[in-house]
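>
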Amino acid sequence: MQELQVLLSGVAQGCIYGLIALGFVLIYKATETVSFAQGELMMLGAFCGLGCVTYLGWPFAMGVIAAMAAMALVGWLIERAVISPVLGQPAFAIVMLTIGIGYVARGAITMIPDVGTDTHTMAVPYKDVNLQWGALVLSASQAVVIAATALLCALLYLLFKHTRVGVAMQAASQNQLAAYYMGIPVKRLNSLVWALAAVVATLAGLLLAPITFVHANMGFIGLKAFPAAVVGGFGSLPGAIVGGLIIGAVEAFAGFYLPEGFKDIAAYVVVLLMLVIKPNGLFGENLRKKV
Amino acid sequence: MRYIFKTDYDQDIRLAKHGGHVFWYSLLLLVLVGAPWLLDEYWLDQLTFVLIYGVVGLGLMLLAGFTGLFSIGHAAFMGVGAYTAAVLAHGGHSFLWTVVLSMGLSAIVGAVVGLPALRVKGIYLGIATLSFGFIVEEVMARWESVTGGNAGKHVPSLQVFGWQADEPVKFYAVCLLLAVLSTLVVLNLLRSPTGRAFVAIRDSEISAQSMGIHLAWFKTLSFMISSALAGLGGALYAHKIQFISPEQFGILQSIDLLLMVVIGGLGSVHGAFLGAIFLITMPQLITLGKDFLPAVIGQAPGLQAVVYGLVLIAFVMFEPLGLYGRWLKLRTWFQLFPFYRKGMFKRQKSFQKSDRLK
């Protein structure tokens, strides 16, 4: 029973990793660039939500929607302003660029007087509620994380399967040039993908807010989402969620059974093993380079 | 405009290509040797840090700039070197041992990290090294009997054959010597078949392989040399700063190192040192500039991060060759005056170079 309890909390944490990893994968699939700013986007999103709910006193649902809308705009603007001019440069240049964006985001938040340097708790309606099934206890915030992740996955699935824009995104991610010849506005789609990734990151941030706290360095959790993305296979959307769940579960069990310290590095050990054994991840496509 | 009239094959691989090189680099060396008399103690300290970071940067430049393998965990190798130096110095061993062992140990660790590099590349390698960096940092924090854990560890000043480098000037001399030696080693390496093989791997793995270059061996070798240099830099760093703790060798330091080589200019030995100068002087410049800004911005704790981020973004967008690239353009402008054209250093976009191949 105790194992199940540990697993459950691991799954809740894993959902967060999965959501951030989802952002990586969306961007990677669409533009073949890896965004190191995803964690910072999450942090910005959480601060946006915090600003709406705590400082403006808006109702929670409205705050969430407003934060998502604002962050979609931020994601769009980032893509327009900095990413698209350097597309086609070596992948590493863009990685450095996103690291730079992360620096700016973190610095800009800490520059807000009285707000940026503090640690905040976010007032959510479901705080301090616990759900109980027999001996299993699940806090409502963890339950909401799991439910929201499942819902988001379903929505994304519908988006990519059944809408024009989703199918266009799939096409563009498979071959940008061919998609462009078919009349798909690839550039606009790229911006849209960044906006989408920012929205997903915001959701992750808002879900994480009641579990940890909102502070300027919460974006570093994004570094743990990389293992999730790699374990799932970097180019696979379901893989990101599955990878996140695996990393979350492994971490929870490592914290439970192994001595202190292993919890923090469990994710990285898993990803190193994965890279040595199966570099393409669980769901990754195995493609060989042809000359 | 200087035309080099080549009459000898040796001229192609000579370190100093023409008299100008000999003159300017001798002058630079002279200034560096004379620095203790020219600078006060504070700036000598900064110069020492530039040299130390320059050595680490050389290592990362060899790996990232010349072999095309990116490491987002290079501070871990620095940490290995630093802790080796700390332990040896506590044991009262000579600094020669420190140099040999910190480089050797870091090289071994580098070879281990290089193993995933044989199978993965691009961003996967970045994530592998990132993960490794985290693991090494955690080991440094937990292995308390050796590293002193998160409480940190004091490092005594270095000594060789009874000679103590207990003054900043003496330590500066040691750093200068080692920095010059490592630069010469790297320059020599780059004109040897090994260095050419590194560059070939960077430009195209497939064509390098077709030319008979053993990818696995050369990639591992690159990792080993690079981490050995980082280890050496780490040892010097430990002796300079005299107090080390695991968080000095964490992800932020690794990113700083990357920032250093990118801003310095990937693929140039000059870039390592230019980047180091940037990394060391930037905080000073920000401190100087603070007073001119309104207090809300000037006194904010995040100012440095924002400036770093903006500079990094600006360099990637407008000057991907870094400070060295800027210098090349300036030099060409003067050499060709008035015939310099805007598009001479234009980058080619390479949408075909995809990691995800079809």
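Top line first, the protein sequences correspond to chains A and B. Okay, so the first sequence: first residue is 977 according to my numbering, each after it adds one. Okay, so the second sequence: first residue is 104 according to my numbering, each after it adds one. Think of the CB as a built atom: it goes at the ideal place given N, C-alpha and C, for glycine as much as any other residue.
1) Taking Cβ-Cβ distances shorter than 8 Å, what residues in chain A pair up with residue 215 (chain B)?
2) Using a Cβ-Cβ cutoff of less than 6 Å, which residues in the same chain neighbour residue 163 (chain B) once the five nearest sequence positions on both sides are dropped?
3) Less than 8 Å between CB atoms is the rule here; does residue 241 (chain B) satisfy it with respect to chain A?
4) Which full runs of the beta strand (DSSP E) of 3+ residues lie inside the stretch 1125-1209 of chain A, going along the chain?
5) Just the chain A side, please: which residues come within less than 7 Å of residue 245 (chain B) by C-beta, in chain order?
6) Give me the residue from B:446, B:444, B:449 and B:434 with the minimum Cα distance to residue 105 (chain B).
7) Please list, in chain order, the chain B residues whose beta carbon lies closer than 9 Å to that of residue 990 (chain A).
8) Please return the same chain residues whose Cβ sits closer than 6 Å to the Cβ of residue 161 (chain B), not counting the five positions on each side in sequence.
9) Within 10 angstroms of its Cβ, does residue 1082 (chain A) collect 16 or more other Cβ (buried), or is it exposed?
10) Listed from N- to C-terminal order along the chain, which residues in the stretch 1067-1079 of chain A have their beta-carbon within a distance smaller than 9 Å of any beta-carbon of chain B?
11) Check whether the Cβ of residue 1241 (chain A) lies closer than 8 Å to any Cβ atom in chain B.
12) Excluding the 5 residues preceding and the 5 following residue 1171 (chain A) in the sequence, name in chain order all residues of the same chain whose CB lies nearer than 7 Å to its CB.
13) Of all Cβ atoms in chain B, is any one closer than 8 Å to the Cβ of residue 1007 (chain A)?
14) Determine, for residue 1168 (chain A), whether the minimum Cβ-Cβ distance to residues of chain B falls below 8 Å.
15) For the structure I just gave you, are there three or more beta carbon pairs, one from the stretch 179-192 of chain B and one from the stretch 325-344 of chain B, closer than 8 Å?
16) Could you compute how far the alpha carbon of residue 129 (chain B) sits from the alpha carbon of residue 1001 (chain A)?
17) List the endpoints of the continuous beta strand (DSSP E) containing residue 1029 (chain A).
18) Measuring only the C-alpha atoms, how far is residue 273 (chain B) from residue 287 (chain B)?
19) Would residue 229 (chain B) count as contacting chain A if we go by Cβ distances under 8 Å?
20) Whole-angstrom Cβ separation of residue 1202 (chain A) and residue 982 (chain A), contact assumed at under 8 Å?
21) Once DSSP output is grouped into helix, strand and coil, what is the label at residue 345 (chain B)?
22) Could you pull out every unbroken alpha helix (DSSP H) segment of at least 4 residues lying fully inside the stretch 1034-1067 of chain A, listed in chain order?
23) Quick check on residue 460 (chain B): does DSSP put it in helix, strand or coil?
24) Can you name the residues that DSSP bridges to residue 1096 (chain A)?
25) Got a sec: which bits of the stretch 1081-1104 of chain A sit with their beta carbon under 9 Å from any beta carbon on chain B, in order along the chain?
26) Could you give the first and the last residue of the continuous beta strand (DSSP E) run that contains residue 1107 (chain A)?
27) To be precise: take each residue of the stretch 303-336 of chain B, compare its Cβ to all Cβ atoms of chain A, and keep it if any distance is under 9 Å. Which residues remain?
28) Taking a cut of 9 Å between CB atoms, which residues from the stretch 377-411 of chain B lie near chain A?
29) Whole-angstrom Cβ separation of residue 1128 (chain A) and residue 1208 (chain A), contact assumed at under 8 Å?
30) Which word fits residue 264 (chain B), buried or exposed, when buried means at least 16 other C-beta atoms lie within 10 angstroms of its C-beta?
31) If you pair each beta-carbon of the stretch 982-995 of chain A with each one of the stretch 1172-1187 of chain A, do three or more pairs fall below 8 Å?
32) Hey, residue 1242 (chain A) and residue 1148 (chain A) are a contact pair by Cβ (cut 8 Å); roughly how many whole angstroms apart?
33) Looking at chain A, is there any beta carbon in it that lies within less than 8 Å of the beta carbon of residue 524 (chain B)?
34) My assumption, with CB atoms under 8 Å, is that residue 229 (chain B) sits in contact with residue 175 (chain B). Please give the rounded CB distance.
35) For residue 244 (chain B) versus residue 252 (chain B), is the C-beta distance shorter than 8 Å?
36) So, does the CB of residue 1265 (chain A) fall closer than 8 Å to a CB anywhere in chain B?
In brief:
1) On the second sequence, residue 215 (chain B) is found 112 positions in, with the first residue counted as 1. Going along chain A, no residue has its Cβ under 8 Å from residue 215 (chain B), so there is no contact; the nearest lies around 10 Å.
2) In the second sequence, the residue the question calls residue 163 (chain B) occupies position 60. Closer than 6 Å at Cβ, skipping near neighbours: 177, 360 and 364.
3) By one-based count along the second sequence, residue 241 (chain B) stands at place 138. Closer than 8 Å to some Cβ of chain A, the Cβ of residue 241 (chain B) qualifies, so yes.
4) none
5) Taking the second sequence and counting its residues from 1, the one referred to as residue 245 (chain B) is at position 142. Ordered by position in chain A, the residues that pass the 7 Å Cβ test against residue 245 (chain B) are 1237.
6) Here residue 105 (chain B) refers to the residue found at position 2 when the second sequence is read from its first residue. Residue B:434 is the option with its Cα nearest to residue 105 (chain B).
7) What you label residue 990 (chain A) is simply residue 14 of the first sequence in a count that begins at 1. Result: empty, since nearest Cβ-Cβ is about 17 Å, beyond 9 Å.
8) The residue labelled residue 161 (chain B) in the question sits at position 58 within the second sequence. Cβ neighbours of residue 161 (chain B) beyond the five flanking positions: 285, 289, 332 and 375.
9) The sequence position of residue 1082 (chain A) within the first sequence is 106, counting from 1. Per the 10 Å Cβ criterion, buried.
10) 1067, 1068, 1069, 1070, 1071, 1072, 1073, 1075, 1076, 1077, 1078 and 1079
11) Numbered from 1 along the first sequence, position 265 holds the residue referred to as residue 1241 (chain A). At least one chain B Cβ lies under 8 Å of residue 1241 (chain A).
12) Numbered from 1 along the first sequence, position 195 holds the residue referred to as residue 1171 (chain A). Answer for residue 1171 (chain A): 1048, 1051 and 1052, listed in chain order.
13) Here residue 1007 (chain A) corresponds to residue number 31 of the first sequence, with the count starting at 1. No, no contact with chain B.
14) Position 192 of the first sequence, counting from 1, holds the residue named residue 1168 (chain A). No, residue 1168 (chain A) does not count as interfacial toward chain B.
15) yes
16) Taking the second sequence and counting its residues from 1, the one referred to as residue 129 (chain B) is at position 26. Taking the first sequence and counting its residues from 1, the one referred to as residue 1001 (chain A) is at position 25. Cα to Cα, residue 129 (chain B) sits roughly 51 Å from residue 1001 (chain A).
17) Position 53 of the first sequence, counted from the first residue, corresponds to residue 1029 (chain A). Counting along the chain, residue 1029 (chain A) falls outside any beta strand (DSSP E), and DSSP gives it neither H nor E.
18) Counting from one through the second sequence, the residue named residue 273 (chain B) turns up at place 170. Counting from one through the second sequence, the residue named residue 287 (chain B) turns up at place 184. The straight-line gap from Cα to Cα measures roughly 21 Å.
19) Counting from 1 along the second sequence, the entry for residue 229 (chain B) is found at position 126. It does; some Cβ of chain A falls within 8 Å.
20) For the purposes of this step, residue 1202 (chain A) is taken as the residue at position 226 of the first sequence. For the purposes of this step, residue 982 (chain A) is taken as the residue at position 6 of the first sequence. In fact, because the Cβ distance is near 23 Å, the residues do not count as touching under 8 Å.
21) Counting from one through the second sequence, the residue named residue 345 (chain B) turns up at place 242. Here residue 345 (chain B) sits in coil by DSSP.
22) 1036-1054
23) Looking up residue 460 (chain B) in the second sequence gives position 357. With a pLDDT of only 40 at residue 460 (chain B), under 50, the local geometry of the prediction cannot be trusted, and the value read off the model is given with reservation. Residue 460 (chain B): coil per DSSP, three-state reduction.
24) Counting from one through the first sequence, the residue named residue 1096 (chain A) turns up at place 120. Looking at the DSSP assignment, residue 1096 (chain A) forms a beta bridge with A:1190.
25) 1081, 1082, 1083, 1084, 1085, 1086, 1087, 1088, 1089, 1092 and 1093
26) Taking the first sequence and counting its residues from 1, the one referred to as residue 1107 (chain A) is at position 131. Segment 1106-1109, the beta strand (DSSP E) holding residue 1107 (chain A).
27) 308, 309, 310 and 313
28) 399, 400, 403, 404, 405, 406, 407, 408, 409, 410 and 411
29) As a first step, residue 1128 (chain A) is located in the first sequence; it is residue number 152 there, counting from the start. As a first step, residue 1208 (chain A) is located in the first sequence; it is residue number 232 there, counting from the start. Actually they are not in contact, since the Cβ atoms of residue 1128 (chain A) and residue 1208 (chain A) sit about 16 Å apart, beyond 8 Å.
30) Against the second sequence, residue 264 (chain B) aligns to sequence position 161. Burial call: exposed.
31) yes
32) Position 266 of the first sequence, counted from the first residue, corresponds to residue 1242 (chain A). Position 172 of the first sequence, counted from the first residue, corresponds to residue 1148 (chain A). With a Cβ gap of about 36 Å, residue 1242 (chain A) and residue 1148 (chain A) do not count as contacting.
33) This structure cannot speak to residue 524 (chain B), because chain B is shown only from 104 to 461.
34) For the purposes of this step, residue 229 (chain B) is taken as residue 126 along the second sequence, with counting starting at 1. For the purposes of this step, residue 175 (chain B) is taken as residue 72 along the second sequence, with counting starting at 1. Right, the Cβ-Cβ distance comes to about 5 Å (below 8 Å), so this counts as a contact.
35) As a working mapping, residue 244 (chain B) is identified with position 141 in the second sequence. As a working mapping, residue 252 (chain B) is identified with position 149 in the second sequence. Against a cut-off of 8 Å, the Cβ pair of residue 252 (chain B) and residue 244 (chain B) comes out as a contact.
36) As a working note, residue 1265 (chain A) is residue 289 in the first sequence. In this predicted model, residue 1265 (chain A) has a pLDDT of only 49, less than 50, meaning its place in the structure is not dependable; the value taken from the coordinates is given anyway. Yes, contact with chain B.
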